[in-house]
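*Asks:* The structure that follows is given in the form of structure tokens.
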Amino acid sequence: MAGEPIITVTGNLTADPELKYVGSGTPVASFTVASTPRTFNRSTNEWEDGEAMFIRCSVWRDYAENVTESLSKGMRVIVTGRLQVRSYQRNDGSQGTSVEMQVDEVGPSLRYATAQVSKRAGNGGGNRGGNSGFGGGNNYGNQGGYSQGRASYDAPQGGSAGDPWGQAPAGGSSFDDNPPF
113 MAGEPIITVT GNLTADPELK YVGSGTPVAS FTVASTPRTF NRSTNEWEDG
163 EAMFIRCSVW RDYAENVTES LSKGMRVIVT GRLQVRSYQR NDGSQGTSVE
213 MQVDEVGPSL RYATAQVSKR AGNGGGNRGG NSGFGGGNNY GNQGGYSQGR
263 ASYDAPQGGS AGDPWGQAPA GGSSFDDNPP F
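Okay, so the sequence shown: first residue is 113 according to the numbering used here, each after it adds one.
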């Protein structure tokens, strides 16, 4: 559809992406990104968290498989996509509305971490007509698509005083099993 709002959200995955197969076996991955604004309070000289926003995201086809193999709970990600509003009926009979993002691009944030990207042989480039909105998908040529490898996510050593993610927890990773959301 034309005219859908496109947004970019930076935040942390609240759980591992969940891969399911729908209809004729088409894979879809769903995940939630928590984005919490942080502001520096000059009077207390401390960082303060604002109200967290949780956005449900979905990605389709080969892209879905790449996401589930590459990303995991707690990782800081950057997600760009199209917002879609869905109406549904609750168990009590009342109507509800949800806002979800159909993902166009997702990857790890490299602001406070590193990642190793590896080429995935044989998936023909992009999402093959998936959800690009142009019918032909994101076609990056005939040399195979690229996926984010699950390889190293190394926390920087040290970090600046104003960097809430710069200090690695015990274990050496900047992504732990208990993110602050």
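We put the beta carbon where it would ideally sit given N, CA and C, even for glycine.
Look at V215 and S170 and say whether their C-beta atoms are less than 8 Å apart.
*Replies:* Their beta carbons are under 8 Å apart, which means V215 touches S170 by this criterion.
*Asks:* How about V179 and M213: are their beta carbons less than 8 Å apart?
*Replies:* No, Cβ-Cβ distance for V179 and M213 is not below 8 Å.
*Asks:* May I have a chain-ordered list of the alpha helix (DSSP H) segments no shorter than 4 residues that lie completely inside the segment 144-217?
*Replies:* Qualifying alpha helix (DSSP H) stretches, in chain order: 174-182.
*Asks:* Cβ atoms of S221 and V189: under 8 Å apart, would you say?
*Replies:* Going by C-beta atoms, V189 is nearer than 8 Å to S221.
*Asks:* So is G248 buried or exposed if we call it buried at 16+ other beta carbons inside 10 Å?
*Replies:* Because G248 carries a pLDDT of 33, less than 50, the predicted location of this residue cannot be relied on, and the following value inherits that uncertainty. Exposed, because fewer than 16 other Cβ atoms sit within 10 Å of the Cβ of G248.
*Asks:* Helix, strand or coil for L131? Go by DSSP, reduced to three states.
*Replies:* L131 falls in the strand class under three-state DSSP.
*Asks:* My guess is that G177 and L125 are in contact by the Cβ rule of under 8 Å, so how many angstroms apart are they, rounded?
*Replies:* The question names Gly, but residue 177 in the sequence shown is Glu. With a Cβ gap of about 16 Å, E177 and L125 do not count as contacting.
*Asks:* According to DSSP, simplified to helix, strand and coil, what is P117?
*Replies:* P117: coil per DSSP, three-state reduction.
*Asks:* Mapping the DSSP letters down to three states, classify S294 as helix, strand or coil.
*Replies:* An answer regarding residue 294 cannot be provided, because it is not within the stretch 113 to 293 covered by the chain.
*Asks:* Between the alpha carbons of G219 and R154, how many angstroms are there, rounded?
*Replies:* Going from the Cα of G219 to the Cα of R154 covers about 33 Å.
*Asks:* A141 bridges to which residues according to DSSP?
*Replies:* L131 and V171, per the DSSP bridge assignment.
*Asks:* Using a 10 Å radius around the Cβ and a threshold of 16 neighbouring Cβ atoms, would you call P129 buried or exposed?
*Replies:* Classification of P129: buried, given that the 10 Å Cβ count is 16 or more.
*Asks:* If we ignore side chains and look at the alpha-carbon of each, how far apart do I167 and A227 end up?
*Replies:* Cα to Cα, I167 sits roughly 24 Å from A227.
*Asks:* Beta-carbon within less than 6 Å of K185's beta-carbon, same chain only, minus the 5 sequence neighbours each way: which residues are those?
*Replies:* Correct list, in chain order: L125, A127 and D128.
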